[in-house]
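S.K.:
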Amino acid sequence: MSLPSQVRLIEVGPRDGLQNEARPISVADKVQLVDALSAAGLGYIEVGSFVSPKWVPQMAGSAEVFAQIRRMPGVTYGALAPNLRGFEDAVAAGVKEVAVFAAASEAFSQRNINCSISESLARFAPVMEAAKQHGVTVRGYVSCVLGCPYEGAVAPEQVAAVARELYAMGCYEVSLGDTIGTGTAGATRRLFEVVSAQVPREKLAGHFHDTYGQAMANIYASLLEGINVFDSSIAGLGGCPYAKGASGNVATEDVVYLLNGLGIETGIDLDALIAAGLQISTVLGRPTGSRVAKARSAQ
1 MSLPSQVRLI EVGPRDGLQN EARPISVADK VQLVDALSAA GLGYIEVGSF
51 VSPKWVPQMA GSAEVFAQIR RMPGVTYGAL APNLRGFEDA VAAGVKEVAV
101 FAAASEAFSQ RNINCSISES LARFAPVMEA AKQHGVTVRG YVSCVLGCPY
151 EGAVAPEQVA AVARELYAMG CYEVSLGDTI GTGTAGATRR LFEVVSAQVP
201 REKLAGHFHD TYGQAMANIY ASLLEGINVF DSSIAGLGGC PYAKGASGNV
251 ATEDVVYLLN GLGIETGIDL DALIAAGLQI STVLGRPTGS RVAKARSAQ
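The sequence shown: position 207 = 207 (full-length UniProt numbering), numbered continuously.
1) Looking only at its own chain, which residues have a Cβ that is under 7 Å from the Cβ of P126, when we skip the five neighbours before and after it?
2) Quick test of your reading: residue 335 and G181, contact by CB under 8 Å. State the CB separation rounded to the nearest angstrom.
3) By the 10 Å Cβ neighbour count, where 16 or more other Cβ atoms means buried, how is R139 classified, buried or exposed?
4) Considering E97, what are the terminal residues of the beta strand (DSSP E) in which it resides?
5) Can the beta-carbon of G238 be found less than 9 Å from the beta-carbon of V12?
6) Roughly how many whole angstroms lie between the Cα atoms of G245 and H209?
7) With C-beta atoms as the reference, is G206 less than 9 Å away from G289?
8) Closest to R71 by CA distance: which of F87, Q58 and G94 is it?
9) With DSSP run on the structure shown, which of helix, strand or coil describes V256?
10) Among Q158, A79 and T184, which one has its Cα closest to the Cα of S196?
11) Taking only runs that begin and end inside the region 173 to 213, name each unbroken alpha helix (DSSP H) of 4 or more residues, in chain order.
12) Should A104 go down as buried or exposed, given a rule of 16 or more other Cβ atoms within 10 Å for buried?
13) If you reduce the DSSP assignment to three classes, tell me which class G48 lands in.
14) Tell me the DSSP bridge mates of S281?
15) Near C144, which residues of its chain fall below 6 Å by C-beta distance, leaving aside the five closest residues on each side in sequence?
16) Let me know the secondary structure DSSP gives I69 once reduced to three states.
17) Starting from A293, trace the alpha helix (DSSP H) in both directions and tell me its first and last residue.
18) Please list, in chain order, all residues of the same chain as V256 whose beta carbon is under 7 Å from its beta carbon, the five residues on each side excluded.
19) Let me check one thing: in DSSP terms, what residues is E11 bridge-paired to?
20) Please name the residue or residues paired with Y141 in a DSSP beta bridge.
21) Quick one: residues in its chain with C-beta nearer than 6 Å to the C-beta of V283, no 5 flanking neighbours on either side, listed in chain order?
22) Check whether chain D comes within 9 Å of N249, counting only Cβ atoms and requiring the distance to be less than that.
23) Excluding the five sequence neighbours on either side, which residues of its own chain have a C-beta within less than 7 Å of the C-beta of I117, listed in chain order?
24) Would you mind sorting Q299 into buried or exposed? The rule is 16 or more other CB atoms within 10 Å of its CB.
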């Protein structure tokens, strides 16, 4: 299969990236990050999460962030809203697209959201119905698609079953997440081969963590499978609060560099992206997780 001519990146840094930080991040710093990402040409930015601050304290203030960002034409500003209360809060904040998430692993589902996979899917039903009424689109996530910190290997058929349910419920796109970063290129290709028998390839996305240094190889393997949507995080921010040892998401800067080298269009300004990553890294008080940004800074 030939490589896609264009790729759409879903920037998850402001949400999936910052939710795992140990210390609070101000609303002003979050707004500055989102605005910098918009200016760099990202067409989709996951800005925040409407969940209880008790469980994810770093996502407190998401409504204030949405109120203060400069919304650019043509850019989607999304948020995680896994239950009806969260959805209502998101709509009140002016959110036009939300995301829900389920796990491909029963053990991870229990540890993450304290319910079974089937129970988690049932919880999304009122969100999907409300979304239809409000004209809000819904994106779905499936976590632990290439391995679980509690169960180990996860069968692609199990991932396909969960992805199929989310798609059937009305998620216009389903992102498959290698939450603990153990996936390899061969396993990634097999995963998309199996899942695409249940959900069309053009409705699937890849979400790779770089714990084992395999994220870029897995993205290339996904491209070979015809996948042209990927989640990534500025400066490689992120991890997972419910998966010990899971390091950051693949860095957006590194993905753009790869795609540029392959002649695949993204519409993103790499230099502006690097600057945004260095800025948030300075705010967090640590080096960027982007290899490309580090290499450019050393030149």
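For glycine and all other residues, C-beta sits at the position ideal for the given N, C-alpha and C.
M.R.: Let's see:
1) L84
2) This structure cannot settle anything about residue 335, because the visible part of the chain is limited to 1 through 299.
3) Here R139 is buried. Its C-beta has 16 or more other C-beta atoms within 10 Å.
4) E97 to A103
5) In this structure, G238 lies near V12, with their beta-carbon atoms less than 9 Å apart.
6) Because G245 carries a pLDDT of 47, less than 50, the predicted location of this residue cannot be relied on, and no value is offered for it.
7) For G206 and G289, no; Cβs fall outside 9 Å.
8) Residue G94 is the option with its Cα nearest to R71.
9) helix
10) Q158
11) 185 to 195
12) Classification of A104: buried, given that the 10 Å Cβ count is 16 or more.
13) strand
14) Partner(s): none; S281 has no beta bridge.
15) Correct list, in chain order: A103, A104, S105, F108, V154 and T179.
16) coil
17) R291 to A298
18) T266, I268, L270 and L273
19) I45 and S232
20) F101 and S175
21) D29
22) In the structure shown, chain D cannot be found, because there is only a single protein chain.
23) A102, A103, E106, S109 and V162
24) exposed
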